[in-house]
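Enquirer: The structure follows.
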Amino acid sequence: MNTLPIDPAAIVFDLDGTLLDTEPLYTDAAQKVLDPHGHTYTMELKRKVMGGDSIRSAQLTVDEFDLPMTADEFLTARESYLKALFPEAKEIPGAGDYLHHLYSVNIPTGIATSSHRHLCDLKISHRDWRAVFNEIVCGDDTELHKSKPEPDIFLLCARRMGIKAEDIVAFEDSRNGVLSAKAAGMTVVAIESPYTSPEDLQEADLVIESYYALLN
């Protein structure tokens, strides 16, 4: 069994790819938008956009394929597919069990996700672990000015929880997310993902295959 690198005062989680296996859903929806234009959404592009601000990620996709649409139009088209997919997203193995464990031992938890609030709610409002979180900060929060890999979202979550960033462990699954949490001064645990390479997660303090590494 692995142990956390520090004894945390709180733990903050990314959402997509860290608590929920939504990354394949984003890929499928993006591909549906690209199909009429004859393009393929590649793993290389996926790795560039993972964990970052949705507008930035959409603009990278539009630019990559020279699509005849704006970033906002791409996101609107993609969202029409995602709305039907998100409620059925599978949990990352062990995520729910780990969240309930943290709640049972009185460790405060939060979410720092680039996902916008209405999509975050669509993903987690029906989960049995939704109520355990002390704070949830989303990518469209009015107090958030810079997205991952900048540290702003993790710092905002820490401030609202009333806990120093250096006393928090952050869980992430992408290079942008790891860099964001590290820049905030947090200790980072990375969850292995088929969408990342070991190099993407090399700045993390601990890399685990699943939450069962911390539970068993």
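Going by the numbering used here, the sequence shown opens with residue 12, and the numbers climb by one from there.
Where is the CB? At the ideal position from N, CA and C, for every residue including glycine.
Quantities reported herein were computed from a predicted structural model and do not represent experimental measurements.
1) For N187, collect the residues of the same chain with a Cβ closer than 6 Å to its Cβ; drop the 5 residues on either side in sequence, then sort them by chain order.
2) For the alpha helix (DSSP H) containing V143, name the first residue and the last one.
3) Could you tell me whether the segment 24-34 touches the segment 101-114, where touching means 3 or more Cβ pairs closer than 8 Å?
4) Are the Cβ atoms of I179 and V200 separated by less than 8 Å?
5) Relative to the alpha-carbon of S208, which residue among E154, K59 and H156 has its alpha-carbon at the smallest distance?
6) Determine the DSSP secondary structure at D27, reduced to helix, strand or coil.
7) Distance check for N227 and A82, CA to CA, integer angstroms please.
8) Classify K101 as buried or exposed, calling it buried when 16 or more other Cβ atoms lie within 10 Å of its own Cβ.
9) Starting from the Cα of S191, find the closest Cα among D18, K157, I202 and I174 and give me that residue.
10) Using DSSP with H/G/I as helix, E/B as strand and the rest coil, what is I22?
11) Rounded to whole angstroms, what's the CA-CA distance from A20 to R170? Just pull it up for me.
12) Roughly how many angstroms separate the alpha carbons of V143 and E84, rounded to a whole number?
13) Check for me: the alpha helix (DSSP H) holding G150 runs from which residue to which?
14) Does S204 pass the burial test, meaning 16 or more other C-beta atoms within 10 Å, or should it be called exposed?
15) Sort A194, T87, F165 and F182 by Cα distance to L130 and report the nearest one.
Expert: On the basis of the coordinates in this document:
1) Along the sequence shown, read from residue 1 onward, the residue named residue 187 stands at position 176. G62, G63, K159 and P160, listed in sequence order.
2) Taking the first residue of the sequence shown as position 1, residue 143 is located at position 132. From DSSP, V143 is part of no alpha helix (DSSP H); its letter is neither H nor E.
3) yes
4) Within the sequence shown, the letter at position 168 stands for residue 179. Within the sequence shown, the letter at position 189 stands for residue 200. For I179 and V200, no; Cβs fall outside 8 Å.
5) Working through the sequence shown from its first residue, we reach residue 208 at position 197. Closest by alpha carbon: K59.
6) Reading the sequence shown from its first residue, position 16 is the one you call residue 27. D27: strand per DSSP, three-state reduction.
7) In the sequence shown, the residue the question calls residue 82 occupies position 71. In the sequence shown, the residue the question calls residue 227 occupies position 216. Their backbone Cα atoms lie some 43 Å apart in a straight line.
8) Within the sequence shown, residue 101 is the residue found at index 90, counting from 1. Classification of K101: exposed, given that the 10 Å Cβ count is below 16.
9) Working through the sequence shown from its first residue, we reach residue 191 at position 180. If we check each option's Cα against that of S191, K157 comes out closest.
10) Indexing the sequence shown from 1 puts residue 22 at position 11. Of the three classes helix, strand and coil, the one that applies to I22 here is strand, per DSSP.
11) In the sequence shown, counting from the first residue as 1, residue 20 sits at position 9. In the sequence shown, counting from the first residue as 1, residue 170 sits at position 159. Their backbone Cα atoms lie some 13 Å apart in a straight line.
12) Here residue 143 corresponds to residue number 132 of the sequence shown, with the count starting at 1. Here residue 84 corresponds to residue number 73 of the sequence shown, with the count starting at 1. So the two alpha carbons sit approximately 35 Å from each other.
13) For this step, residue 150 is matched to residue 139 along the sequence shown. From DSSP, G150 is part of no alpha helix (DSSP H); its letter is neither H nor E.
14) As a first step, residue 204 is located in the sequence shown; it is residue number 193 there, counting from the start. Buried is the call here.
15) The count along the sequence shown starts at 1 and reaches residue 130 at position 119. That would be T87, whose Cα lies nearest to the Cα of L130.
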